[in-house]
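Notes follow the structure.
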Amino acid sequence: MNARLDYYSASPKAMKAMIAMEALTSDLSIEPALLNLIRIRASQLNGCAFCTDMHSVDARRFGESDRRLYAIVVWRDSNFFNPRERAALAWTEAVNLLSQSHVPDDVYAQAREQFSEGELVDLTMAVSTINSWNRLAVSFRQTPAG
2 MNARLDYYSA
12 SPKAMKAMIA
22 MEALTSDLSI
32 EPALLNLIRI
42 RASQLNGCAF
52 CTDMHSVDAR
62 RFGESDRRLY
72 AIVVWRDSNF
82 FNPRERAALA
92 WTEAVNLLSQ
102 SHVPDDVYAQ
112 AREQFSEGEL
122 VDLTMAVSTI
132 NSWNRLAVSF
142 RQTPAG
C-alpha cells in the first residue's frame, strides 16, 4: 500500500492543531498506560495499522506485557484487565462506534463507577483525538515502517 500524501507537509497549520490536541490529551487526567490501551483499541476498531503499531510500541515502553497487548482485541473475554481498564475500553468502543451504539446508559454507568466527571471528559477527548489521527492515517494510507 502506498501513501497517498504527506498530511504534515500538505497542511502544516492543521497538523499543528492536531499536535497541540495530542499534547493536551497526553497531559490530562488519564494515566499514560491506560491512554495507550484506549488508543490501541480505537485504532483496531478503525483499522489503523499505523496507530495500532505505534501505540503498541509506546505501551511496551511503559511496561505493558505482550500478553495483555494481544488480548486488547478480546478484552471482554480476558481476565487481564482491571475494572477501570474494562470501563475505559467499553467507553472507547461505544464512543468510537457512536453511530451504532449511541453510547448506551449501561456503558456510561460503568464508566462513571470508575471515572470522575472530569476524567470521563478527558477519556472522551482521548478517544476523539485518536479517532482524528486514525482518520488521517487510514485516509492517506500511512503504514508502519516494515
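Note that the numbering used here gives residue 10 to position 9 of the sequence shown, counting from 1, and the numbers run on in steps of one.
Think of the CB as a built atom: it goes at the ideal place given N, C-alpha and C, for glycine as much as any other residue.
According to the Cβ coordinates, are residue i and residue j closer than 8 Å?
i, j, result
"L124", "A89", "yes"
"N37", "H56", "yes"
"T144", "A50", "yes"
"T93", "R42", "yes"
"V108", "A91", "yes"
Using the C-alpha atoms, what's the distance from residue j back to residue i?
i, j, result
"S117", "Q111", "11 Å"
"A21", "E114", "30 Å"
"S133", "A72", "24 Å"
"H103", "Y9", "32 Å"
"N80", "S12", "43 Å"
"R6", "D54", "Contrary to the premise, residue 6 reads as Leu rather than Arg in this sequence. Cα-Cα distance, rounded: 20 Å."
"E23", "D106", "28 Å"
"S100", "S66", "32 Å"
"T26", "V58", "18 Å"
"D78", "L70", "14 Å"
"G48", "N97", "12 Å"
"R68", "R136", "27 Å"
"E32", "M2", "34 Å"
I think residue i touches residue j, with their Cβ atoms under 8 Å apart; what is that distance to the nearest whole Å?
i, j, result
"F63", "A18", "That belief does not hold up - the Cβ atoms of F63 and A18 are roughly 26 Å apart, past 8 Å."
"I39", "A95", "Between A95 and I39 the Cβ distance is about 12 Å, and since that is not below 8 Å, they are no contact."
"S44", "G119", "Contact doesn't hold; Cβ gap of about 25 Å is too wide."
"A146", "C52", "A146 to C52, Cβ: 13 Å. No contact."
"A4", "F141", "6 Å"
"W76", "R87", "7 Å"
Any alpha helix (DSSP H) of 4 or more consecutive residues that is wholly inside the stretch 9-40: Correct list: 13-27.
In chain order, each alpha helix (DSSP H) run of at least 4 residues that lies wholly inside the stretch 36-92: Given a length threshold of 4 residues, each whole run of the alpha helix (DSSP H) inside the stretch 36-92 is given here in chain order: 50-62 and 67-72.
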